[in-house]
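Under the UniProt record's numbering, the sequence shown has 635 at position 250, and the numbering climbs by one with no breaks.
Cβ coordinates follow ideal geometry from the N, Cα and C atoms, glycine included.
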Amino acid sequence: AKREGRNCVHFFDPRDPQSIDETETIAATLRGALQNNLANMVYQPIVNLSTGKIEAYEALMRMKMFDGTPISPSRFIPIAEDTGMILPLGLWAIRRACIDLLLSDRTPMVSVNISRVQLKSPSFARSVSDLLAETGIDGRRLALEITEGLDLDGQADALRCLRELSELGIRIWLDDFGTGFAGLSWLRMFPFDTVKIDKSFLHDASSASGRKMLSDIVDLVHHRGARILIEGVEDASQLELARELGAHQVQGYHTGRPTPADLAPVMSGVAPGV
Ligand code: C2E
Ligand code: CA
Ligand code: CA
Ligand code: CA
Numbered sequence: 386a387k388r389e390g391r392n393c394v395h396f397f398d399p400r401d402p403q404s405i406d407e408t409e410t411i412a413a414t415l416r417g418a419l420q421n422n423l424a425n426m427v428y429q430p431i432v433n434l435s436t437g438k439i440e441a442y443e444a445l446m447r448m449k450m451f452d453g454t455p456i457s458p459s460r461f462i463p464i465a466e467d468t469g470m471i472l473p474l475g476l477w478a479i480r481r482a483c484i485d486l487l488l489s490d491r492t493p494m495v496s497v498n499i500s501r502v503q504l505k506s507p508s509f510a511r512s513v514s515d516l517l518a519e520t521g522i523d524g525r526r527l528a529l530e531i532t533e534g535l536d537l538d539g540q541a542d543a544l545r546c547l548r549e550l551s552e553l554g555i556r557i558w559l560d561d562f563g564t565g566f567a568g569l570s571w572l573r574m575f576p577f578d579t580v581k582i583d584k585s586f587l588h589d590a591s592s593a594s595g596r597k598m599l600s601d602i603v604d605l606v607h608h609r610g611a612r613i614l615i616e617g618v619e620d621a622s623q624l625e626l627a628r629e630l631g632a633h634q635v636q637g638y639h640t641g642r643p644t645p646a647d648l649a650p651v652m653s654g655v656a657p658g659v
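The following block contains the structure:
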């Protein structure tokens with residue numbers, strides 16, 4: 386891409402030697418992450434709009450390189466998936482979230498993101514089941530978020546895995562709804578407890594057509610019988626909109642940023658609704 390001259394926009398090019406180098410560094414970081422305490426979890430509150438209470442926290446992974454530089458999940462998660470490191474890291478994330486938030490009774494629930502690579506792994510459901518048995522944590526306090534972008538090949542394995550997880554009491558949430566083509570088929574195939582509407586729809590809802598789009602998506606999910614979580618709530622007017630549209634839960638910088646477990650707020654500051 387560099388050859389094309391300085392008037393061109395330069396896209397991220399996986400063949401670019403500099404990106405190959407960086408990808409290698411991140412892969413090495415991921416391989417050593419757990420032994421060297423480079424991985425960390427932060428937690429963002431999820432607020433129930435009718436009670437005004439924090440109902441759950443979403444667990445989000447953070448990673449720093451050996452020199453202390455933070456790497457964003459949108460950069461390291463795909464590399465963790467390609468290298469298979471997502472399997473140990475992903476299990477560690479669930480364990481960490483359970484220990485940080487669920488060993489005390491202070492927190493009702495925690496939701497943890499999982500990757501399609503984990504869902505296709507034959508031992509994943511068993512590992513989660515062992516983890517619950519070992520910590521004595523009730524599976525109903527754990528939610529696992531899968532993203533709708535999950536490709537539909539290998540879907541049979543993924544569905545089997547989701548069913549096994551459900552049998553442990555674990556709630557399955559569909560994340561980033563509306564961003565891909567697979568969302569509707571997923572909704573048809575599996576009874577998701579909660580659907581998280583991708584934040585881009587809320588952020589586009591300042592125009593009339595954007596608002597209509599968001600409200601259509603909310604109605605569609607409503608008809609499927611799943612609970613609706615609107616994410617990316619950044620100000621009071623977006624919170625009001627989520628309420629008007631009938632969302633059950635919200636999440637976003639306005640109601641709480643991701644923080645380490647010991648700093649996680651207990652109260653939401655959101656008034657109960659009707
Ligand atoms: P996601 O699951 O959709 O997570 C929500 C992202 O939105 C998080 O970014 C969060 O920090 C950010 N966010 C929260 N509130 C707001 C808001 O009000 N406005 C805006 N603009 N953003 C908000 P983060 O932590 O950078 O994570 C990015 C993505 O990386 C996540 O998207 C998820 O797909 C993935 N990820 C993060 N942690 C894990 C993990 O432990 N395992 C897996 N498999 N994926 C993870
Ligand atoms: Ca998520
Ligand atoms: Ca999301
Ligand atoms: Ca996402």
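Query, Result
"In terms of DSSP beta bridges, what is Thr-579 paired with?", "Trp-558, Arg-612"
"Got a sec: does ligand 1 put a non-hydrogen atom nearer than 7 Å to the Cβ of Gly-637?", "yes"
"Just the C-alpha distance for Asp-523 and Ala-510, rounded to the nearest angstrom, thanks.", "15 Å"
"Around ligand 2, what residues have a beta-carbon under 5 Å from a heavy atom of it, in chain order?", "Asn-498, Glu-530, Asp-560"
"Given the structure, does Ser-459 come close to ligand 1, in the sense that its CB is under 7 Å from one of the ligand's heavy atoms?", "yes"
"Is it true that the CB of Ala-627 sits closer than 8 Å to the CB of Thr-579?", "no"
"Within the segment 486-571, note down every full beta strand (DSSP E) run reaching 3 residues or more, in order along the chain.", "495-498, 527-532, 556-562"
"With Arg-460 as the anchor, note down where its alpha helix (DSSP H) starts and where it stops.", "458-468"
"Going by DSSP, what residue range makes up the alpha helix (DSSP H) through Pro-650?", "Counting along the chain, Pro-650 falls outside any alpha helix (DSSP H), and DSSP gives it neither H nor E."
"Applying the 10 Å Cβ sphere with the 16-neighbour rule, what's the burial state of Leu-488?", "exposed"
"Taking DSSP as the reference, what is the three-state secondary structure of Glu-443?", "strand"
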